[in-house]
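Notes follow the structure.
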Amino acid sequence: FIILERYDSFGGTTWRDVANETSKLQTEKGTYLVEYMDPEVHNPDDMKTWPSRDRLLEMCCDAASKKGLDDKAMFNTSIEKLEVKGDTLAGGHYELNVTTEEKSETIKVAALISCPGVFFNPVDLKWDGNKEFGGYICHGSYDRINYDKLE
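Oh and the sequence shown: position 57 is 1032 in this note's numbering, straight run, nothing missing.
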């Protein structure tokens, strides 16, 4: 198997793009732990109840490395097109046109699991008068808050 990842490391859209430097996971349960279902794995001592974005990314990358997924991953890779070739349940396959920083290529695969993540398209509310407001308006997600404008 191979892993095609749009970003330069593990963690996905939610934690690499949408979350900002002050984001915290909002759960009291350890279900966010990558190896939660393994009774032999315990919460690291330094993992807080509400871990930060950076700590969650560290956990994702550490777990992926531990399982050898780095060797299976093509980072900075975008899937541009998918074509079904024949009956995929009877010898057919999928052809993926992918683009990396260096090249474009076609990859033949028997199966594809797409994980776009959650919070990949947060609602950015628009309301009458926001242009006339004259103040600084931004979404709470991402790292687009200009802290220099805060007093």
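By construction, the Cβ of each residue, glycine as well, lies at the ideal position given by its N, Cα and C atoms.
Since the model is a prediction, treat every value here as computed from it, not as a measurement.
Asked	Found
P1014 to Y1007, Cα distance in whole Å?	14 Å
What is the DSSP secondary structure of T1074, reduced to helix, strand or coil?	strand
Leaving out five residues on either side along the sequence, give the residues of the same chain with a beta carbon under 7 Å from the beta carbon of A1048.	I978 and E980
Determine the direct distance from the alpha carbon of R1030 to that of S1053, and round the result to whole angstroms.	26 Å
Taking K1083 as part of the alpha helix (DSSP H), name the residues at either end of that continuous run.	Here K1083 belongs to no alpha helix (DSSP H); instead the beta strand (DSSP E) covers S1079 to V1084.
Check for me: the alpha helix (DSSP H) holding E1033 runs from which residue to which?	R1028 to K1041
Specify whether the region 1068-1076 and the region 996-1003 touch according to this definition: at least 3 beta carbon pairs, one from each stretch, less than 8 Å apart.	no
With hydrogens ignored, establish whether the beta-carbon of K1056 is closer than 6 Å to any heavy atom of the ligand FAD.	Ligands are entirely absent from the displayed structure, and the ligand FAD is therefore not among its contents.
Quick check on L1032: buried or exposed, where buried means 16 or more other Cβ atoms within 10 Å of its Cβ?	buried
What residue range is occupied by the uninterrupted beta strand (DSSP E) comprising S1089?	Element bounds for S1089: n/a, residue is neither H nor E.
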